[in-house]
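In full-length UniProt numbering, the protein residues as written are 1 to 371.
The beta-carbon is built from N, C-alpha and C at its ideal position, and this holds for glycine as well.
For clarity, every value in this text was computed on a predicted model and none was experimentally measured.
Beneath this line is the structure, given in C-alpha cells, with notes to follow.
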C-alpha cells in the first residue's frame, strides 16, 4: 500500500479533521500520479499535496454548530462540557445564532416557530427534556429527527420524588400536617406496607425504575399501560379493557404517562370513581393529564383522601388557584426532576456521534405515538 493511501480513500474521497468523507479538488489528478511504478519521491510529493489539501479543506469547511435554546442559567455548564469533550462542535446560545447555515443541531425546550426557515441545515432536534409534549410536533418537519433526552440523573430524581410521595401518602403525612396546623394531637392506625396497594400508570423505562425503587418497602405493586408488559413482582394490566380492574385495586395511584392526545385528561372524575374510596393520587407526569376541577370534587367528597401534584395545567399556578390552600393537596412547582448538564451530556453527545456515523439514535421520538 502506498503512502498516499493514508490520506486518500477510494474514488478521490479524503478524510478531513472530523473523520468524515469529503471530496477534494484535484484528487483525480493525485490518482494519475500514483501507480505501480511510482517513485518514492513522487509518493512523498503526493503525500505532501494531500496534506495541503486537507488543510485548505479544513479551512473552508465551517465547524458544525449546536444551538442551545433552553434555560440560560445552565448554558455555561453545557458550554464547558462541549469545549472539553466535543471541541469539534461549536457551541452557540439562542438568540445569538450566528450564521444559521452552520447549525446542524438544536438543543431546546421549545423550538422556534419558523424552524425550517430559520435553520435551513438543521439535522437533529434534541428536546432537552424527558418528554416532548411541550413541542408541537405538527409544526416540525417530518423528516427532521426529534430526540428526547436520556438523562440518568432525571431517572434518579424521579425515583426519589416518587418514593417520597408514596411514603408521604402511605404514612398520611398530609393528614398529620393539617392536624399540626389545627393544633390537634391524634394518632391514626398504621397500615403495613404489604397491605398497601400502589399502582403506576405508564410502564415505560422511567415507570419501571420507579417500581424498582418501591419494591424494598414491600408494597403490593401493579402497573397499567396501553400495551402488555411483564415486570418481575409487578401485576401488569394493559389496555382499556383492563383499566377499571387496575384502578379498583389502587390505594395509591401514581401517574407517569407521556402526554398524548389519548392520555390528555385521563385523570378525571370517572377514573377517580373506579378507585377505592379514600384512595390517593400522585401526578408527576404532565399537568394535561389531570382534570383539576374533578380532583377538587373527588377530594371534597371523600372519594379521594389526598393528592401530591408536581405539575399543573398552567404553570406557575395563579395566585387564586384552589390547590394552594387545599388541605388535602401537597403541591410542588414541577421539581420532581431537573436536567443536569453533567449527567445529560454523555447521552446527548453519544447520539450526535451516532448520527454522524449513520447509526440509530437512542430516544428518537415516534411521531405516530407522540413520544
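Each residue's CA atom was taken as its position, placing residue 91 and residue 123 some 15 angstroms apart.
Judged by pairs of C-beta atoms under 8 angstroms, the region 351–367 does not touch the region 152–168, as fewer than three such pairs exist. Counting only runs that start and end inside the region 273–316, the beta strand (DSSP E) elements of at least 3 residues fall at 279–283, 304–309. Taking every protein chain shown into account, the CB of residue 191 has fewer than 16 other CB atoms within 10 angstroms, so this residue is exposed.
In the DSSP assignment, residue 118 falls within the alpha helix (DSSP H) that extends over 115–118. Inter-segment contact for the region 105–114 and the region 327–338 is absent: fewer than three beta-carbon pairs are separated by less than 8 angstroms. Judged by DSSP in its simplified three-state form, residue 250 adopts coil rather than helix or strand.
Secondary structure at residue 162: helix, using DSSP grouped into helix, strand and coil.
Judged by their CB atoms, residue 343 and residue 151 are nearer to each other than the 8 angstroms cut-off. Within the same chain, and ignoring the five residues on either side of residue 70 in sequence, the residues whose Cβ sits closer than 7 angstroms to its Cβ are 107, 108, 109, 128. Leaving aside the five residues that flank residue 245 on each side, the residues in its chain whose CB is nearer than 7 angstroms to its CB run, in chain order, 237.
Closest in C-alpha terms to residue 366, from the list 287, 148, 80, comes 148. Going by C-alpha positions, residue 171 is about 45 angstroms away from residue 82. DSSP places residue 137 in the helix class (H, G or I) of the three-state scheme. When the alpha-carbon of residue 240 is set against those of 323, 158, 249, 224, the nearest one is in 224.
Per DSSP, residue 176 is one residue of the alpha helix (DSSP H) stretching across 173–182. Nearest to residue 117 by alpha-carbon distance, out of 125, 299, 100, is 100. In the three-state scheme derived from DSSP, where H, G and I count as helix and E and B as strand, residue 157 is classed as helix.
Using a Cβ distance threshold of 8 angstroms, residue 289 and residue 315 do not count as a contacting pair. Pairing residue 360 with residue 65, the inter-Cα distance amounts to about 21 angstroms. Residues 74, 77, 78, 81 of the same chain have their beta carbon placed closer than 8 angstroms to that of residue 341, with the five preceding and five following residues left out of the count. Comparing alpha carbon positions, the residue from 251, 155, 242, 154 closest to residue 195 is 251.
By the Cβ-count criterion, residue 158 is buried, with 16 or more other Cβ atoms from all chains shown falling within 10 Å of its own Cβ.
In this structure residue 141 is exposed. Its beta-carbon is surrounded by fewer than 16 other beta-carbon atoms within 10 angstroms. In this chain, residue 229 is not harboured by any beta strand (DSSP E), its DSSP state being neither H nor E. Between residue 202 and residue 257, the C-beta gap is smaller than 8 angstroms, which places the two residues in contact. In the DSSP annotation of this structure, residue 89 is not part of any beta strand (DSSP E), being labelled neither H nor E.
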